Amino acid sequence: MSAPERRSRFGGASLPARGGAAQGDAVTIAECPATLIQVTARKGRQDALAAATLKELALALPAPGASALAGDCSALWLQPGGWLIQAPANDGNALVRRLAAALDGIAAVVDQSHGRCVLRLSGQQARAVLAKLCRLDLHPRSFAVGASATTLVGHVACTMRLVDETPAFDLIVGASYATWLLEELVEAADAFGWQLTRAGAAQPA
Amino acid sequence: MHLIPCPCCGPRAEDEFHYRGDATVKRPAPDAGEQAFYDFVYTRANPRGWHVEWWHHYAGCRQWVKVERNTMTHEIRTAVGPAEDIPEVQV
Amino acid sequence: MSGRRLPAGGHIDRERHLSFSFDGRRFFGHPGDTLASALIANGVRLVGRSFKYHRPRGIMTAGPDEPSALVELREGARTEPNSKMTEVALYEGLVARSQNRWPSLGLDLMAVNSLAGKLIGAGFYYKTFMWPKAFWEKVYEPLIRRAAGLGRAVDRRDPDHYEALHAHCDVLVVGSGAAGLAAARAAGASGARVILCERDDLLGGGLLLDPAHDAWRRQTIAALEAMPEVEILPRTNVFGYYDHNLLGAIEHAGDHLAEPAPHQVRQRYRTFRATEVVLATGASERLIAFPGNDKPGVMMAGAALAYIHRFGVAPGERAVIFTNNDSAYATAHALADAQFDRIVLADSRAASACADDVKARGIDVRFGVEVAHYGGDRVTLRARNGASDRIPADLLCVSGGWNPNVHLASQSGARLRWHEQIASFVPGEPVQAERSAGAARGVFGPGNAARDGAEAGAAAAIAAGFKPGAAFALPDADRPETPLEPLWEVRAQGKAFVDLQNDVTTEDIRLAHREGFSHIEHAKRYTTHNMATDQGKLGGLVGAAVLAEARGEPLEKVGLPTFRPYTSPVTIGALAGRAIGEHFQPVRRTSLHDWHLRHGAAMQPSGAWLRPFYYPKPGEDIWDAIFREARAVRGSVGICDVSTLGKIDLQGPDAATFLDRLYANAFSTLAIGKARYGLMLREDGIAFDDGTTARLGPEHFLLTCTTANAGPVLEHMEFYAQTVWPDLDVQFSSVTDQWAQMAVAGPRSRLTLQKVVAGLDLSNEAFPFMAVGEATIAGIPVRVFRISFSGELAYEVAAPSGDGETVWEAIIAAGEEFGIAPYGLEAMGLMRIEKGHAAGPELNGQTTAADLGMGRMVKKAGDVVGRVLGARPALANPSRPRLVGIRPTDPAKRLRGGAHLVSEPGAGKSLGWVSSVTQSIELSQWIGLAMLEDGAARQGQLLHAVSPLHGESVEVIVTSPHHIDPENARVRA
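Chains as they are written, first to last, in the working numbering: chain A, 56 to 260; chain B, 272 to 362; chain C, 16 to 988.
Written as structure tokens, this is what we have:
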């Protein structure tokens with residue numbers, strides 16, 4: 056149901072585009088609008104759900120703690136029988152309808168595109184920033200590229216995924232907590248310096 | 272702070288969970304009568320030592336995790352999903 | 016004035032000079048100095064006054080065990096009381112003041128307490144200030160605080176920043192002496208992730224005091240720095256060992272600076288979750304109790320060694336060393352290196368293998384002697400045969416042996432074990448995944464400790480799943496020592512202290528025993544022994560030994576009081592970290608938040624949410640705004656952000672069955688495209704939450720719950736779905752944040768919405784009360800619910816939250832011609848009280864469905880949460896407090912929430928309480944809702960609402976809770 060021109064969740068927040076210490080290896084925080092669809096298998100239909108998502112989106116639903124990528128779509132494990140599918144922002148409405156039809160009787164399909172907000176935290180110091188906000192071990196030996204987890208970041212529940220070894224983390228948080236989380240990230244990044252990209256502005260690669 | 276071995280998510284810090292008390296009591300059948308429901312809601316053994324408890328993983332997989340924990344030493348021995356039973360261990 | 020800077024030596028930068036001030040006097044020191052070493056270098060000897068007796072005190076130690084040299088550091092809002100001089104790194108411009116003295120350090124009028132010492136023994140305050148009780152708060156406590164306090168807290172906001180940081184590792188090594196360095200290197204060599212914490216700013220611990228081992232120290236540090244998975248944290252004091260191998264520490268990141276740089280923190284609170292822990296925390300030298308052992312000039316032998324070799328300062332000119340063990344012989348050598356005029360070594364033992372080397376340097380070594388008194392710069396030595404000798408000395412070095420720093424091991428759960436040879440406690444069997452190494456478990460000497468550390472580090476790495484790495488060079492083995500002979504107390508005339516900070520004497524300990532406080536924990540609390548900021552590191556065991564002797568039992572049986580965090584004082588601000596002010600707890604904002612701010616809303620915290628309270632216009636006070644907003648709704652149309660309502664999407668073949676069991680009333684009978692009010696009970700039969708639930712399809716529902724209970728309701732549903740009825744095929748998830756929801760209420764709400772809603776016929780016939788439908792507004796797909804909380808004709812519109820503002824503004828534009836007003840929580844509350852809807856104050860965890868007037872809704876059979884226990888006779892008793900309305904009989908009188916309802920003023924029995932009050936715009940007077948015994952039968956009765964807090968009593972008439980429109984005609988219009 057996403058309208059094409061989504062407003063930034065931080066439209067009125069008073070944060071500037073950059074701040075903190077000027078050290079040259081500032082972290083980047085980017086608001087990344089996305090289509091987010093929560094799928095939860097009906098009782099005993101997990102295999103059917105996995106087969107259907109593989110067919111529809113070429114996505115192999117991942118095991119706990121993992122994520123899967125196919126083209127510009129990805130899937131994250133949320134809970135037993137439940138996954139979050141992330142797709143580009145602009146085709147949300149159509150994708151929700153398509154999945155709802157394809158998964159009829161197999162899974163509950165719920166649009167969360169507006170319910171959750173994706174913040175991408177990247178830069179050499181991204182792990183150091185998260186260590187201030189999160190009690191999960193994010194060392195590459197414990198949390199490799201593609202790993203995902205739902206945990207507390209800045210005291211709120213976030214679903215986190217390591218996108219690449221920049222490192223870049225996607226933090227998926229309840230939309231009503233997005234400003235809070237952004238402010239927590241900015242505070243934690245203050246010693247390194249930070250820059251902020253809002254939705255609607257140029258997207259990071 | 273405890274480290275709770277969530278059967279879905281692996282070891283996680285206690286602050287991701289809400290403690291939800293005794294997991295040994297089972298909700299009775301709807302026609303089991305008032306006393307049975309009374310015991311389910313109110314009667315607790317409150318043991319010193321090993322105990323099976325609910326820990327709701329609210330900031331993780333949102334499962335009601337059944338945790339076998341020593342109330343005296345805080346040692347945790349087992350954790351299973353909501354519908355599973357913890358195997359009997361001789362203490 | 017006897018201290019002085021030595022011409023060479025020490026880990027200080029002699030090229031640079033730092034200026035600082037103490038009690039207003041300006042001094043100079045060097046980078047690498049502590050405040051203590053710099054003051055000694057400047058000849059300052061008297062640095063503080065004791066807690067109870069205000070006795071003059073000097074610098075006793077060179078580390079965290081310091082009991083006496085406490086100062087107030089820095090100025091203004093950064094003022095920090097009770098800083099240990101021995102831990103304060105010197106920086107340019109440092110300002111420190113002595114504390115606990117009045118009017119000045121040299122002349123302290125409170126020192127008269129010392130003369131009255133016989134009257135102020137242990138338990139003095141407990142015994143004296145007991146009566147009358149009322150005197151405590153106003154007389155005794157301020158008096159005691161002024162006379163005794165340890166520095167003063169500052170009431171201004173700390174301008175510095177603190178933060179938390181959470182780390183994980185395979186092996187955590189605490190302490191970087193010989194054992195810690197070797198342990199870290201051995202563990203690091205295995206490839207394990209290692210964190211090495213050192214409280215000091217330099218690594219090396221005791222190695223820093225022995226120039227012979229400096230090469231090995233540097234070599235090992237360089238090897239550690241070359242390991243990518245080894246993190247070294249200097250200035251990081253590990254203060255606590257908690258469950259499941261979690262340790263807490265404070266990193267003093269900016270304490271060595273005058274001010275932290277912009278964007279830098281002063282202190283960092285760190286936690287470590289370690290697979291394995293090596294505790295290489297070293298040992299603390301212990302005191303010997305003898306009269307005058309607290310006087311300025313008394314210093315621990317190891318501290319004197321540290322001042323000479325670490326800082327290049329000599330703490331005196333003429334010294335006596337009083338020892339019962341070999342470690343003080345190193346101090347004798349150091350004093351000789353520092354060109355002391357005279358050195359006498361008094362060893363209470365009969366002999367030592369170290370004696371010849373010391374004697375060879377011209378040091379006067381005497382065996383079998385004790386110090387019977389110190390004062391006036393004279394040491395009284397007493398031989399076993401009773402002969403005594405008075406020796407002039409401006410420095411008296413004391414060593415009663417070494418206590419392993421077992422605090423962290425003990426906190427981890429390990430029991431302590433008595434170690435006869437060193438006459439102290441060492442950690443026993445580990446309970447958590449930890450091991451102690453080196454002096455921390457009684458293995459003394461750099462060579463021995465390094466070997467022990469290397470073994471512990473390798474063993475920890477293996478336990479964490481790694482293979483041992485390559486071996487590396489260790490310091491030479493240590494020479495064997497002549498065993499220590501325990502010596503706790505020299506009995507002679509005068510006060511002998513076991514706790515210098517709290518002024519506890521050996522006599523106080525014996526008094527505690529005589530008065531029945533003989534258990535170590537009781538003696539501690541009765542005398543305050545061990546309760547000071549050094550946590551008994553210096554004299555804790557000595558006090559226990561005095562108690563043991565008084566009890567006539569071995570020391571190992573008496574034991575030590577339980578060790579608890581913190582091992583050293585911790586700044587509360589560091590534990591709070593960033594979680595202060597606006598960052599104290601998470602804040603939720605609706606997608607309309609910015610709109611509310613732009614339109615002048617006064618925002619109000621509501622649980623985690625921020626919600627518009629009201630929208631004041633220029634010149635309006637709070638009630639003006641509330642009345643205007645409520646009148647707009649009652650008279651025309653208003654719009655309110657209700658996005659905070661909990662929303663749960665429920666699907667599945669068993670969704671209807673699930674709801675039937677979850678709610679007290681039925682939902683399987685609900686038609687598609689309709690909504691129904693539902694009441695949820697707890698299993699004990701008490702009302703839990705309410706809200707409207709809509710049926711969107713045969714197997715698809717949308718539940719709403721109150722803002723406050725959105726989280727608990729979801730958790731409640733998860734409990735039943737996962738554990739009680741796992742056979743039910745239901746899937747549900749929170750969609751609270753997916754939808755912006757707005758109530759459009761008032762007689763002209765239909766007219767307003769009809770202008771903007773496309774694709775849905777809103778006429779009363781097509782879209783009656785409780786109808787649900789889909790439509791678009793401004794091209795945005797929305798859901799429309801015909802439900803009402805205000806009691807007026809009303810709708811709720813749900814739009815995807817990212818588009819919420821677009822839809823909201825479209826509705827406002829449509830309502831402009833009708834004078835649409837945004838309304839806040841207060842106007843909403845006013846209207847729901849007028850209408851008689853129960854909310855939080857009525858759903859307070861004590862009320863049943865019947866109490867709230869909804870008893871008939873509850874199903875009488877079937878599997879329903881709360882049905883069985885809700886039917887208990889006491890809960891069904893009709894005389895329980897029931898929901899009613901009340902109004903003052905005099906319309907000019909106001910009502911108070913929380914007032915009690917009584918039959919007549921002064922009647923002692925409360926018949927109920929007033930739960931919610933407001934000023935009604937329809938009735939033009941205060942009205943309220945109340946829970947009243949036998950409420951249904953009391954309609955029309957006159958009672959009194961009394962509020963003793965306000966001294967008010969108001970006559971009220973009991974009414975229906977529905978102050979307006981009891982027939983519910985408006986919502987169906």
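All residues carry an ideal CB built from backbone N, CA and C; glycine is no exception.
All values derive from a computational prediction rather than experimental measurement.
Look up residue 710 of chain C in the DSSP assignment and say whether it is helix, strand or coil.
-> Here residue 710 of chain C corresponds to residue number 695 of the third sequence, with the count starting at 1. Looking at residue 710 of chain C - three-state DSSP - the assignment turns out to be strand.
Cβ-based burial, residue 317 of chain B [other Cβ within 10 Å; buried from 16] = Position 46 of the second sequence, counted from the first residue, corresponds to residue 317 of chain B. Counting of Cβ neighbours within 10 angstroms places residue 317 of chain B among the exposed residues, the total staying below 16.
What runs of the beta strand (DSSP E), each 3 residues or longer, lie entirely inside the region 594-643 of chain C?
-> The qualifying runs are 617-621, 624-629.
When you compare only the Cα positions, how much space is there between residue 630 of chain C and residue 650 of chain C?
-> Within the third sequence, residue 630 of chain C is the residue found at index 615, counting from 1. Within the third sequence, residue 650 of chain C is the residue found at index 635, counting from 1. Answer to the nearest angstrom: the Cα atoms are 18 angstroms apart.
Do three or more CB pairs link the region 941-951 of chain C to the region 875-890 of chain C at distances below 8 angstroms?
-> Touching, no.
Are the C-beta atoms of residue 581 of chain C and some chain B residue less than 8 angstroms apart?
-> As a working mapping, residue 581 of chain C is identified with position 566 in the third sequence. Not closer than 8 angstroms to any Cβ of chain B, the Cβ of residue 581 of chain C fails to qualify, so no.
Minimum Cβ-Cβ distance from residue 627 of chain C to chain A less than 8 angstroms = Numbered from 1 along the third sequence, position 612 holds the residue referred to as residue 627 of chain C. Cβ-Cβ to chain A under 8 angstroms: no for residue 627 of chain C.
For residue 307 of chain B, I'd like the list of residues in its chain whose CB is within less than 6 angstroms of its CB, leaving aside the five on either flank, ordered along the chain.
-> Here the question's residue 307 of chain B lines up with position 36 in the second sequence. For residue 307 of chain B, where only same-chain residues beyond five positions count, the Cβ hits under 6 angstroms are 299.
Tell me, please, which residues DSSP counts as bridged to residue 280 of chain B.
-> Position 9 of the second sequence, counted from the start, is the residue given in the question as residue 280 of chain B. Its beta-bridge partners do not exist; DSSP assigns none.
Residues of the region 236-259 of chain C with a CB closer than 9 angstroms to any CB of chain B: list them in chain order, please.
-> Only 257, 258, 259 from the region 236-259 of chain C bring a Cβ to less than 9 angstroms from some Cβ of chain B.
Any idea if residue 313 of chain B is buried or exposed, counting beta-carbon neighbours within 10 angstroms, 16 or more meaning buried?
-> Here residue 313 of chain B refers to the residue found at position 42 of the second sequence. Looking at its Cβ environment, which holds fewer than 16 other Cβ atoms inside 10 Å, residue 313 of chain B is exposed.
Taking just the CA atoms, how far does residue 479 of chain C sit from residue 284 of chain B?
-> Taking the second sequence and counting its residues from 1, the one referred to as residue 284 of chain B is at position 13. Taking the third sequence and counting its residues from 1, the one referred to as residue 479 of chain C is at position 464. Answer to the nearest angstrom: the Cα atoms are 19 angstroms apart.
Under 8 angstroms Cβ to Cβ from residue 1069 of chain C, same chain only, skipping five residues before and after it: list those, please.
-> Any property of residue 1069 of chain C remains undetermined from this structure, which presents chain C solely from 16 to 988.
Going by C-alpha distance, which of C/886, C/860, C/768 is nearest residue 871 of chain C?
-> For the purposes of this step, residue 871 of chain C is taken as residue 856 along the third sequence, with counting starting at 1. When C/886, C/860, C/768 are compared, the shortest CA-CA separation from residue 871 of chain C is found for C/886.
Using a Cβ-Cβ cut-off of 6 angstroms (strictly less than) and excluding sequence neighbours within five positions of residue 47 of chain C, which residues of its own chain qualify?
-> One-based indexing of the third sequence puts residue 47 of chain C at position 32. Within the same chain, and ignoring the five residues on either side of residue 47 of chain C in sequence, the residues whose Cβ sits closer than 6 angstroms to its Cβ are 26, 27, 28.
Nearest neighbour of residue 915 of chain C, chosen from C/957, C/891, C/961 [CA to CA] = Here residue 915 of chain C is taken as the residue at index 900 of the third sequence, counted from 1. Nearest of C/957, C/891, C/961 to residue 915 of chain C, Cα basis: C/961.
Candidates A/63, A/98, A/88, A/248: which alpha carbon is nearest residue 178 of chain A's?
-> Here residue 178 of chain A corresponds to residue number 123 of the first sequence, with the count starting at 1. For residue 178 of chain A, the closest alpha carbon among the candidates A/63, A/98, A/88, A/248 is that of A/248.
Residue-level contact to chain C via CB, residue 72 of chain A, 8 angstroms cutoff = Taking the first residue of the first sequence as 1, we reach residue 72 of chain A at position 17. No, because no Cβ of chain C sits closer than 8 angstroms to the Cβ of residue 72 of chain A.
Counted within 10 angstroms of its Cβ, other Cβ atoms place residue 141 of chain A as buried (16 or more) or exposed = In the first sequence, residue 141 of chain A corresponds to position 86, counting from 1. Taking a 10 Å sphere around the C-beta of residue 141 of chain A, we find 16 or more other C-beta atoms and assign the residue as buried.
Could you tell me whether the Cβ atoms of residue 450 of chain C and residue 419 of chain C are closer together than 8 angstroms?
-> Stepping through the third sequence from its first residue, residue 450 of chain C is reached at position 435. Stepping through the third sequence from its first residue, residue 419 of chain C is reached at position 404. Against a cut-off of 8 angstroms, the Cβ pair of residue 419 of chain C and residue 450 of chain C comes out as no contact.
Based on the DSSP secondary-structure assignment, which residues constitute the bridge partners of residue 296 of chain C?
-> For the purposes of this step, residue 296 of chain C is taken as the residue at position 281 of the third sequence. Partner(s): none; residue 296 of chain C has no beta bridge.
Would you check if the distance between the CB atom of residue 446 of chain C and the CB atom of residue 474 of chain C is smaller than 8 angstroms?
-> Translated into the one-based positions of the third sequence, residue 446 of chain C becomes position 431. Translated into the one-based positions of the third sequence, residue 474 of chain C becomes position 459. For the pair residue 446 of chain C and residue 474 of chain C, the CB atoms are not nearer than the 8 angstroms cut-off.
How is residue 2 of chain C classed by DSSP in three states: helix, strand or coil?
-> Within the shown structure, residues of chain C are numbered from 16 to 988, placing residue 2 of chain C beyond reach of any answer.
With respect to the beta strand (DSSP E) encompassing residue 339 of chain B, which residues constitute its N-terminal and C-terminal limits?
-> Residue mapping note: residue 339 of chain B aligns to position 68 of the second sequence, counting from 1. Per DSSP, residue 339 of chain B belongs to the beta strand (DSSP E) from 335-341.
Might you give, ordered along the chain, the residues of its own chain that have their beta carbon closer than 8 angstroms to the beta carbon of residue 172 of chain C, omitting 5 neighbours on each side?
-> In the third sequence, residue 172 of chain C corresponds to position 157, counting from 1. Residues of the same chain with a CB within less than 8 angstroms of the CB of residue 172 of chain C, apart from the 5 flanking positions on each side, are 92 in chain order.
With which residues is residue 404 of chain C paired in a DSSP beta bridge?
-> On the third sequence, position 389 is the one that residue 404 of chain C refers to. Bridge partners of residue 404 of chain C: C/396.
Express the C-alpha separation of residue 244 of chain C and residue 257 of chain A in angstroms, rounding to a whole number.
-> Numbered from 1 along the first sequence, position 202 holds the residue referred to as residue 257 of chain A. Numbered from 1 along the third sequence, position 229 holds the residue referred to as residue 244 of chain C. Summary for residue 257 of chain A: the model assigns pLDDT 45, below 50, so the residue's position carries little reliability; its value from the coordinates is reported in the next sentence. Here the alpha carbon of residue 257 of chain A sits roughly 37 angstroms from the alpha carbon of residue 244 of chain C.
By Cβ distance below 8 angstroms, which residues in the same chain neighbour residue 64 of chain A in space, the five residues on each side in sequence not counted?
-> Sequence index remark: in the first sequence, residue 64 of chain A carries index 9 (1-based). Answer for residue 64 of chain A: 86, 172, 230, 233, 234, 254, listed in chain order.
So what does DSSP say about residue 197 of chain A, is it helix, strand or coil?
-> Numbered from its first residue, the first sequence carries residue 197 of chain A at position 142. In the three-state reduction of the DSSP assignment, residue 197 of chain A falls in the coil class, being assigned neither a helical nor a strand state.
Alpha carbon of residue 62 of chain C to alpha carbon of residue 120 of chain C, nearest angstrom | Here residue 62 of chain C refers to the residue found at position 47 when the third sequence is read from its first residue. Here residue 120 of chain C refers to the residue found at position 105 when the third sequence is read from its first residue. Taking the straight line joining both Cα atoms gives about 8 angstroms.
Which whole-angstrom value is the C-beta distance of residue 471 of chain C and residue 198 of chain C, which I expect to be below 8 angstroms?
-> One-based indexing of the third sequence puts residue 471 of chain C at position 456. One-based indexing of the third sequence puts residue 198 of chain C at position 183. Residue 471 of chain C to residue 198 of chain C, Cβ: 5 angstroms. Contact.
Can you find at least 3 beta carbon pairs, one from the region 788-806 of chain C and one from the region 839-857 of chain C, that sit closer than 8 angstroms?
-> Under the 8 angstroms Cβ criterion, the region 788-806 of chain C counts as touching the region 839-857 of chain C, having at least three qualifying pairs.
Where does residue 92 of chain A land, buried or exposed, given buried means 16+ other C-beta within 10 angstroms?
-> As a first step, residue 92 of chain A is located in the first sequence; it is residue number 37 there, counting from the start. Here residue 92 of chain A is buried. Its C-beta has 16 or more other C-beta atoms within 10 Å.
Please determine if the region 247-258 of chain C and the region 566-582 of chain C are in contact, where contact requires at least 3 C-beta pairs separated by less than 8 angstroms.
-> Yes, since at least three Cβ pairs between the region 247-258 of chain C and the region 566-582 of chain C fall closer than 8 angstroms, the two stretches touch.
Could you pull out every residue in the same chain whose Cβ sits closer than 7 angstroms to the Cβ of residue 399 of chain C, ignoring the five residues on either side in sequence?
-> For the purposes of this step, residue 399 of chain C is identified with residue 384 of the third sequence, where counting begins at 1. Within the same chain, and ignoring the five residues on either side of residue 399 of chain C in sequence, the residues whose Cβ sits closer than 7 angstroms to its Cβ are 383.
Buried/exposed call for residue 634 of chain C, threshold 16 Cβ in 10 Å | Here the question's residue 634 of chain C lines up with position 619 in the third sequence. That one is exposed.
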